[in-house]
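Peer 1:
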Amino acid sequence: MAEPAVSAPTVKSVMSTSQFSDAFDCLAFEDVSRYFGRMRALSHVSFSCMAGEIVGVLGPNGAGKSTLLALAATLISPSAGGIRYGNHGTHERGGNVRANIGMLSHDTQLYPELTARENLHFFAGLFGVQDPASCAEAALSRSALRARGDEPVMKFSRGMRQRLALERALIHDPKLVLLDEPFTGLDDSSSKSLANRLQGLRDSGRIILLTTHDFEAAEGLLDRVALLWDGALLNVEPVTGSLRDHYVSHTRQVARTVKVSK
Amino acid sequence: MVSRFIQVAWLIVKKDLTIEARSRELFLTTLFFAASCVLVFAFGFVSDQNPIGEAAAGILWIAIAFAGTLALGRAFERERYHDVLHALLLAPADRPAIYIGKLLGVICLLAIVEIIIVPLISLFFQTPILRHPWLLGGLLACGTLGFASVGTLFAAMLVRARSRDVLLPVLLYPITIPVIIAGVRGTVLLLQPEIDVVMVRAWIGMLVFFDVVFITLSLWTFEPLMTD
Chain L
1 MAEPAVSAPT
11 VKSVMSTSQF
21 SDAFDCLAFE
31 DVSRYFGRMR
41 ALSHVSFSCM
51 AGEIVGVLGP
61 NGAGKSTLLA
71 LAATLISPSA
81 GGIRYGNHGT
91 HERGGNVRAN
101 IGMLSHDTQL
111 YPELTARENL
121 HFFAGLFGVQ
131 DPASCAEAAL
141 SRSALRARGD
151 EPVMKFSRGM
161 RQRLALERAL
171 IHDPKLVLLD
181 EPFTGLDDSS
191 SKSLANRLQG
201 LRDSGRIILL
211 TTHDFEAAEG
221 LLDRVALLWD
231 GALLNVEPVT
241 GSLRDHYVSH
251 TRQVARTVKV
261 SK
Chain S
1001 MVSRFIQVAW
1011 LIVKKDLTIE
1021 ARSRELFLTT
1031 LFFAASCVLV
1041 FAFGFVSDQN
1051 PIGEAAAGIL
1061 WIAIAFAGTL
1071 ALGRAFERER
1081 YHDVLHALLL
1091 APADRPAIYI
1101 GKLLGVICLL
1111 AIVEIIIVPL
1121 ISLFFQTPIL
1131 RHPWLLGGLL
1141 ACGTLGFASV
1151 GTLFAAMLVR
1161 ARSRDVLLPV
1171 LLYPITIPVI
1181 IAGVRGTVLL
1191 LQPEIDVVMV
1201 RAWIGMLVFF
1211 DVVFITLSLW
1221 TFEPLMTD
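Written out as structure tokens, the structure is:
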């Protein structure tokens, strides 16, 4: 099923926050820091993602990628700084903002005892979708799980759950899509389907922020890459050449710098 | 706005009851625990078919409190597994509606358990506890609501805590003691040969007061507790 077109412009250049006009046409981290007790998870992170853009957040384990997504999803608040969603202020984190966010986390966020159809129906209702039943059917078709829609999720393979989880995250047609390791558990064909789906979302003007360690699956998909290292944002730049080479060259450089400074 | 609140609460209740109807995990464990509790006390307090005084009233409420704690301890487990809680919190719904939905689910479960253990108590202790079913129903409904309202809040608050199974009763019992006491005193009056309806209603009134206070505080604090 084709994604509905939205009026948000497809802009890929980074804009200053003063230029934000339309609602939810960008996501901007403004000097965001986050601490858990005395532990620093993110430190002074500033960058923006625009409508019609897929930004990959890369970094080693513990770099702060999931924290960054949780902050963008309004699940946690920044210890300092703010996050701007289009023309919504940095302190607006209520239902109006959340209605525009779809998130796929590490876990599937599905009830294993419920069927695929019941899960989608439940979340469509929870997100205030007008016609939850038809929306759930469309999502089942997109995930190629219509034939197994009445089976409990606990009987599904990891890949099937992941496909269903993605549709669960997108059931309310969010403008901001946050994906934490979306390629986990997917075979080659499912990964390609997911990449096509994400490209479709980008073309329809969604903002997509994703973390991944699966460079092959994400190859050619990302418009820009934000590299996180120990909670700090090293750079945000367009991907030129291979994604793996881009990541390896930058991380080697950082590792060398850290070694020298020690 | 109100209809959306009710819709979200209903979605949560319906989902919880559907899952429970399939797994029967919470219902069976809670019922087994409550029935075992009544049975063990029956052996201790009944000798030669003569129960000790008004012990039945206390045992009824102990069984409800213990079984309720077991149910409340698992109330948010389904949300904790697979990180579903975050998906709920991300929904553009009033978060207190999620609380009300979970609370109603727990109350439905405890109501079914109570419907089964009250006749058991009547049987084992040979008490006329079912002589005034409406008054008993009022005491049980208000008492369960008060107990479950605080319990649901604490269960949600402790969902991310590692020692939540230990902390829940430690936090829950001191706060709900007034509810349990009011329930026990009201039930004791129902066991008397001459029932003092005015006093029973006074205890029900006190339970209603606790319910209003606890639910108001829970609705007020649920969102900030779940936000970060």
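Taken in sequence, the protein lines are chains L and S. Each step along the first sequence adds one to the number in the working numbering, with nothing skipped, and position 238 is 238. Convert by adding 1000 to the 1-based position in the second sequence; the result is the number in the working numbering. Ideal placement from N, C-alpha and C gives every residue a C-beta, glycine not left out.
Taking its Cβ as the centre, do 16 or more other Cβ atoms sit within 10 Å of Ser-18(L), making it buried, or is it exposed?
Peer 2: For Ser-18(L), the pLDDT reaches just 40, beneath the cut-off of 50, and the residue's location in the model is therefore unreliable, although a value from the coordinates is still provided. By the 10 Å Cβ count, Ser-18(L) comes out exposed.
Peer 1: If the criterion is Cβ atoms closer than 9 Å, does the pair Gly-56(L) and Leu-210(L) meet it?
Peer 2: Yes, the Cβ-Cβ distance between Gly-56(L) and Leu-210(L) is below 9 Å.
Peer 1: Quick check on Met-50(L): buried or exposed, where buried means 16 or more other Cβ atoms within 10 Å of its Cβ?
Peer 2: Buried is the call here.
Peer 1: Hey, quick one: how far does the beta strand (DSSP E) through Ala-53(L) stretch, first residue to last?
Peer 2: Strictly speaking, residue 53(L) in this sequence is Glu, with Ala absent from that position. Start and end: 53 to 58.
Peer 1: Would you mind stating whether Arg-197(L) and Lys-175(L) have Cβ atoms separated by less than 9 Å?
Peer 2: No.
Peer 1: In the structure shown, what three-state DSSP assignment does Ile-207(L) receive?
Peer 2: In this structure, Ile-207(L) counts as strand in the three-state DSSP scheme.
Peer 1: Distance cutoff 9 Å, beta carbons only. Does Arg-84(L) sit that close to anything in chain S?
Peer 2: Chain S contact via Cβ: absent.
Peer 1: Below 8 Å between beta carbons is the criterion; list the residues of the region 1084 to 1110 of chain S that meet it against any residue of chain L, in chain order.
Peer 2: Listed in sequence order: Val-1084, His-1086, Ala-1087, Leu-1088, Leu-1089, Leu-1090, Ala-1091, Pro-1092, Ala-1093, Asp-1094.
Peer 1: Against Gln-109(L), what residues of chain S qualify as contacts under a CB-to-CB distance less than 7 Å, listed in chain order?
Peer 2: Per Cβ cutoff of 7 Å: His-1082, Asp-1083, Val-1084, His-1086, Ala-1087.
Peer 1: Quick one: is Ile-207(L) near chain S, going by C-beta distance under 9 Å?
Peer 2: It does not: the Cβ of Ile-207(L) has no partner Cβ on chain S nearer than 9 Å.
Peer 1: Just checking my contact of Pro-182(L) with Leu-164(L) at CB under 8 Å: how many whole Å lie between their CB atoms?
Peer 2: With 8 Å as the limit, Pro-182(L) and Leu-164(L) do not qualify as a contact, their Cβ atoms being about 13 Å apart.
Peer 1: When you compare the CB positions of Pro-1092(S) and Arg-84(L), do they come within less than 9 Å of one another, or not?
Peer 2: Against a cut-off of 9 Å, the Cβ pair of Arg-84(L) and Pro-1092(S) comes out as no contact.
Peer 1: Hey, Leu-145(L) and Thr-1018(S): beta-carbon distance below 9 Å or not?
Peer 2: Their beta carbons are not under 9 Å apart, which means Leu-145(L) does not touch Thr-1018(S) by this criterion.
Peer 1: Using a beta-carbon distance cut-off of less than 8 Å, what residues from the region 110 to 127 of chain L approach chain S?
Peer 2: Those would be Leu-110, Tyr-111, Pro-112, Glu-113, Leu-114, Glu-118, Phe-122, Phe-123, Gly-125, Leu-126, Phe-127, in chain order.
Peer 1: Taking CB distances under 9 Å as the criterion, tell me whether Phe-211(L) reaches chain S.
Peer 2: The identity of residue 211(L) in the sequence shown is Thr, whereas the question assumes Phe. Taking Cβ atoms only, chain S never reaches closer than 9 Å to Thr-211(L), which makes this a no.
Peer 1: Only counting the same chain, and skipping five residues up and downstream in sequence, which positions put a Cβ closer than 6 Å to that of Val-1159(S)?
Peer 2: Excluding sequence neighbours, Val-1159(S) sits near Phe-1076, Arg-1080.
Peer 1: For Leu-1135(S) and Val-1200(S), I'd like the C-alpha separation in whole angstroms.
Peer 2: Between Leu-1135(S) and Val-1200(S), the C-alpha separation is close to 7 Å.
Peer 1: Does any heavy atom of the ligand MN sit closer than 8 Å to the C-beta of Thr-240(L)?
Peer 2: Although the ligand MN was asked about, the structure shown includes no ligands whatsoever.
Peer 1: For Ser-21(L) and Leu-27(L), I'd like the C-alpha separation in whole angstroms.
Peer 2: Low confidence applies here, because Ser-21(L) scores a pLDDT of 41, under 50, leaving its location unreliable; read the following figure in that light. If you take the alpha carbons of Ser-21(L) and Leu-27(L), they lie about 12 Å apart.
Peer 1: For Met-1199(S), which of helix, strand or coil comes out of DSSP?
Peer 2: Met-1199(S): helix per DSSP, three-state reduction.
Peer 1: Got a sec: is the Cβ-Cβ distance from Asn-54(L) to anything in chain S below 9 Å?
Peer 2: The amino acid at residue 54(L) is misidentified as Asn; the sequence shows Ile. Not closer than 9 Å to any Cβ of chain S, the Cβ of Ile-54(L) fails to qualify, so no.
Peer 1: So, for Leu-1225(S): in the same chain, excluding its five sequence neighbours on each side, which residues have a beta-carbon less than 7 Å away from its beta-carbon?
Peer 2: Correct list, in chain order: Ala-1156, Met-1157.
Peer 1: Keeping to the same chain, check which residues put their C-beta closer than 8 Å to that of Thr-1144(S); ignore five residues upstream and five downstream.
Peer 2: So the qualifying residues of the chain are Ile-1064, Gly-1068, Ile-1107, Leu-1110, Ala-1111, Glu-1114.
Peer 1: Excluding the five sequence neighbours on either side, which residues of its own chain have a C-beta within less than 6 Å of the C-beta of Glu-1054(S), listed in chain order?
Peer 2: Excluding sequence neighbours, Glu-1054(S) sits near Val-1188, Leu-1191.
Peer 1: Let me know if Lys-155(L) comes out buried or exposed under the rule of 16 or more other beta-carbons within 10 Å of its beta-carbon.
Peer 2: It counts as exposed.
Peer 1: From the DSSP output, read off the bridge partner residues of Pro-238(L).
Peer 2: Its beta-bridge partners are Arg-224(L).
Peer 1: In terms of residue numbering, what span does the alpha helix (DSSP H) encompassing Ser-1036(S) cover?
Peer 2: It spans 1025 to 1045 - the alpha helix (DSSP H) in which Ser-1036(S) sits, taken as one unbroken run.
Peer 1: Which residues, in order along the region 93 to 108 of chain L, keep a beta-carbon less than 9 Å from a beta-carbon of chain S?
Peer 2: Here the close residues are Arg-93, Gly-94, Gly-95, Asn-96, Val-97, Arg-98, Ala-99, Asn-100, Ile-101, Gly-102, Met-103, Ser-105, His-106, Asp-107, Thr-108.
Peer 1: Would you kindly work out how many angstroms separate the C-alpha atoms of Val-1213(S) and Phe-1154(S), rounded to a whole number?
Peer 2: Near 15 Å, if we compare the C-alpha coordinates of Phe-1154(S) and Val-1213(S).
Peer 1: Listed from N- to C-terminal order along the chain, which residues in the region 155 to 168 of chain L have their beta-carbon within a distance smaller than 8 Å of any beta-carbon of chain S?
Peer 2: Cβ contacts with chain S: Arg-168.
Peer 1: Is Ala-136(L) close to chain S, meaning its C-beta is less than 9 Å from at least one C-beta of that chain?
Peer 2: Closer than 9 Å: no.
Peer 1: Pick helix, strand or coil for Met-50(L), following the three-state DSSP scheme.
Peer 2: Looking at Met-50(L) - three-state DSSP - the assignment turns out to be strand.
Peer 1: Which whole-angstrom value describes the C-beta separation of Leu-1103(S) and Thr-1176(S), a residue pair presumed to lie in contact below a C-beta threshold of 8 Å?
Peer 2: At roughly 14 Å, the Cβ-Cβ gap does not stay under 8 Å, so Leu-1103(S) and Thr-1176(S) are not in contact.
Peer 1: Of all the options Gly-1058(S), His-1086(S), Ala-1161(S), which has the alpha carbon lying nearest to the alpha carbon of Ser-1122(S)?
Peer 2: Taking only the C-alpha atoms, the option nearest Ser-1122(S) is Gly-1058(S).
Peer 1: Go ahead and label Thr-1216(S) buried or exposed: buried means 16 or more other beta carbons lie within 10 angstroms of its beta carbon, across all protein chains shown.
Peer 2: By the neighbour-count rule (16 or more Cβ atoms within 10 Å), Thr-1216(S) is not buried but exposed.
Peer 1: Taking C-beta pairs closer than 9 Å, name the residues in chain S that Leu-75(L) reaches, listed in chain order.
Peer 2: Ordered by position in chain S, the residues that pass the 9 Å Cβ test against Leu-75(L) are His-1086, Leu-1089, Leu-1090, Thr-1227, Asp-1228.
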